[in-house]
Amino acid sequence: MKKILPVLLTLIVLNFLVFNSPVAAKPVDRLLSDPQQQINQSMAPKILLFIGDGMGLEQRKAAQWSSKGLDEPLIMDQLPYSGWSQTASADNLITDSAAGATAIATGYPTNNGMIAISPEFANLKTILEYAQERGMATGLVTTVQISHATPASFGSHVINRGQMTDIAQQLLEHKINVILGGGEDEFLPITDNGCFTQPGERDDERNLIQEAQAAGYTYVCTSEDLALVNIAETTHLLGLFGDEEMLHPITPTLATMTQTAIDILSLDPDGFFLMVEGGQIDWFCHANDAANAIQETIDLDAAVQIGRSFQTTVENTLLIVTADHETGGMKVHLSTTGGPDEDGPFFTPQGIPFYVTWDTNGHTAADIPLTALGSGAEQAQGIFPNTQLFWIMADLIFPRLYLPLLFK
Numbered sequence: 005m006k007k008i009l010p011v012l013l014t015l016i017v018l019n020f021l022v023f024n025s026p027v028a029a030k031p032v033d034r035l036l037s038d039p040q041q042q043i044n045q046s047m048a049p050k051i052l053l054f055i056g057d058g059m060g061l062e063q064r065k066a067a068q069w070s071s072k073g074l075d076e077p078l079i080m081d082q083l084p085y086s087g088w089s090q091t092a093s094a095d096n097l098i099t100d101s102a103a104g105a106t107a108i109a110t111g112y113p114t115n116n117g118m119i120a121i122s123p124e125f126a127n128l129k130t131i132l133e134y135a136q137e138r139g140m141a142t143g144l145v146t147t148v149q150i151s152h153a154t155p156a157s158f159g160s161h162v163i164n165r166g167q168m169t170d171i172a173q174q175l176l177e178h179k180i181n182v183i184l185g186g187g188e189d190e191f192l193p194i195t196d197n198g199c200f201t202q203p204g205e206r207d208d209e210r211n212l213i214q215e216a217q218a219a220g221y222t223y224v225c226t227s228e229d230l231a232l233v234n235i236a237e238t239t240h241l242l243g244l245f246g247d248e249e250m251l252h253p254i255t256p257t258l259a260t261m262t263q264t265a266i267d268i269l270s271l272d273p274d275g276f277f278l279m280v281e282g283g284q285i286d287w288f289c290h291a292n293d294a295a296n297a298i299q300e301t302i303d304l305d306a307a308v309q310i311g312r313s314f315q316t317t318v319e320n321t322l323l324i325v326t327a328d329h330e331t332g333g334m335k336v337h338l339s340t341t342g343g344p345d346e347d348g349p350f351f352t353p354q355g356i357p358f359y360v361t362w363d364t365n366g367h368t369a370a371d372i373p374l375t376a377l378g379s380g381a382e383q384a385q386g387i388f389p390n391t392q393l394f395w396i397m398a399d400l401i402f403p404r405l406y407l408p409l410l411f412k
């Protein structure tokens, strides 16, 4: 209790400051009247956060039509609670991934390009860091560089998202239990190619992979090696499966990486926090490449299925599926528009053709669909700023419901 009291007080103060700022969301009502709910809240929390980078409503629809058909929803759209997340950053109506992920990770809006740092240049504590202070295991999984903006926002603090070698160092310094994705180059000096063809990008001569191994991490860089990991004896796993982003066909799959992460993290009796990113949805939407954007979204849905299978068997587990922003202004149509920006035809499993059009190569200000399941998921309803997601997760880690009990 002595250990968590300072963290609880910090959360309460931060909650007051954030929700009394003009840019923050009005907090939802968290009063629990059922005593049994209060008892269940004391169990070790498990949080599964899935982020489809650039994934808006139409990206979900296109993936559904391609993989399921017009009527059967994706796994992520079968979750019982749904809402809409507003994505404006502190300095722009249209967010980037750094500010978007920072809002989710910290509960505080920031400027585009900044990673878990406020517009006033103060470090913002992340949900991953709060989880660690509670003694929970933590993990980050992505299909792009692990030091890219979205995963970076949960385990590092830098002024500019381009500081990827600094981010790599901070991720390891945080002693995150499971780190899986691409971006080996950010961990290696320029004199070392590592597992792949390109030399590293570090100019400080440090080999962070060797340092990680010395600190107790198991390191893997192929799907075959990942499959051989001894789950029961592995507390810290670093897997980097590409020089930069993971190349297509992505192996190991996002679902495989998610399963491995859950298998390791769920062994911790104090619970865990895991963020899983389908990072290349955004990249292909920037390129207006509907075929690959659809496949990336389908791959994320397969990872969500892994998470849902776990959630339905383990109490006090929260599963959230959302995005940091929408990319491309994608629109899905059952008939051709004949325009120059049209992609398709694509086909449902039943053979029905459909088409995709684009409004831009950049991000948009569209509200983002959010779906959720499990403990606290009922708070993920309505329309709210993306900062609200932090508070939904924080309530599971340090329920404000318990604060009066500390002073009895």
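Take the sequence shown: its position 84, counted from the start at 1, is 88 in my numbering, and no numbers get skipped.
Glycine is no exception: its CB is placed at the ideal position from the N, C-alpha and C atoms.
What do you get for residue i, buried or exposed, if any count of 16 or more other CB atoms within 10 angstroms of its CB means buried?
i: residue 252; result: exposed
i: residue 236; result: exposed
i: residue 333; result: buried
i: residue 351; result: exposed
i: residue 387; result: exposed
i: residue 330; result: buried
i: residue 16; result: Low confidence applies to residue 16: its pLDDT is 49, below 50, so where it sits in the model is not reliable enough to give any reading.
i: residue 383; result: buried
i: residue 397; result: buried
i: residue 281; result: buried
i: residue 62; result: buried
i: residue 258; result: buried
i: residue 173; result: buried
i: residue 234; result: exposed
i: residue 201; result: exposed
i: residue 365; result: exposed
i: residue 1; result: Residue 1 is absent from the structure shown; the chain starts at 5 and stops at 412.
In terms of DSSP beta bridges, what is residue i paired with?
i: residue 347; result: 360
i: residue 85; result: 376
i: residue 134; result: In the DSSP output, where bridge partners are listed per residue, residue 134 has none listed.
i: residue 149; result: 186
i: residue 335; result: 361
i: residue 143; result: 182, 278
i: residue 368; result: 330
i: residue 193; result: 206
i: residue 116; result: Partner(s): none; residue 116 has no beta bridge.
Is DSSP giving residue i helix, strand or coil here?
i: residue 296; result: helix
i: residue 104; result: helix
i: residue 311; result: helix
i: residue 414; result: Given a span of 5 to 412 for the chain in the structure shown, any question on residue 414 remains unanswerable.
i: residue 64; result: helix
i: residue 396; result: helix
i: residue 330; result: strand
i: residue 388; result: strand
i: residue 90; result: strand
i: residue 321; result: strand
i: residue 110; result: helix
i: residue 301; result: helix
i: residue 44; result: In this prediction, residue 44 scores a pLDDT of 43, lower than 50, which makes its location untrustworthy; no coordinate-derived value is stated.
i: residue 291; result: coil
i: residue 402; result: coil
i: residue 236; result: helix
i: residue 121; result: strand
In the DSSP assignment, find the alpha helix (DSSP H) that holds residue i and state where it starts and stops.
i: residue 72; result: Where residue 72 is concerned, there is no enclosing alpha helix (DSSP H), given that its DSSP letter is neither H nor E.
i: residue 260; result: 258-269
i: residue 281; result: No alpha helix (DSSP H) contains residue 281, which is instead part of the beta strand (DSSP E) from 276-282.
i: residue 173; result: 168-177
i: residue 213; result: 212-218
i: residue 244; result: From DSSP, residue 244 is part of no alpha helix (DSSP H) but of the beta strand (DSSP E) over 241-244.
i: residue 227; result: 227-231
Grab me the residues of residue i's own chain with a C-beta within less than 6 Å of its C-beta, minus the 5 sequence neighbours each way, in chain order.
i: residue 321; result: 50, 315, 378
i: residue 157; result: 105, 106, 109, 119, 120
i: residue 294; result: 347, 360
i: residue 69; result: 352, 358
i: residue 370; result: 60, 330
i: residue 325; result: 54, 80, 308, 375
i: residue 298; result: 66, 67, 70
Apart from the five residues just before and just after residue i, which ones in its own chain have a Cβ nearer than 7 Å to its Cβ?
i: residue 196; result: 203, 204, 211
i: residue 142; result: 132, 135, 136, 180, 181, 276, 277
i: residue 74; result: 352, 356
i: residue 209; result: 193
i: residue 129; result: 110
With a threshold of 8 Å on Cβ separation, who are the neighbours of residue i within its own chain once the five nearest residues in sequence on each side are excluded?
i: residue 2; result: Residue 2 lies beyond the range of the chain shown here (5 to 412); nothing can be said about it.
i: residue 274; result: 48, 138, 139, 140, 141
i: residue 349; result: 340, 357, 358, 359
Can you tell me where the beta strand (DSSP E) with residue i in it begins and where it stops?
i: residue 413; result: There is no way to answer for residue 413, as the model of the chain reaches only from 5 to 412.
i: residue 53; result: 50-56
i: residue 222; result: 222-224
i: residue 162; result: Premise fails: residue 162 is in no beta strand (DSSP E) and is neither H nor E.
For a cutoff of 8 Å on Cβ pairs, would you count residue i as touching chain C?
i: residue 329; result: No chain C appears in this structure, which consists of one protein chain only.
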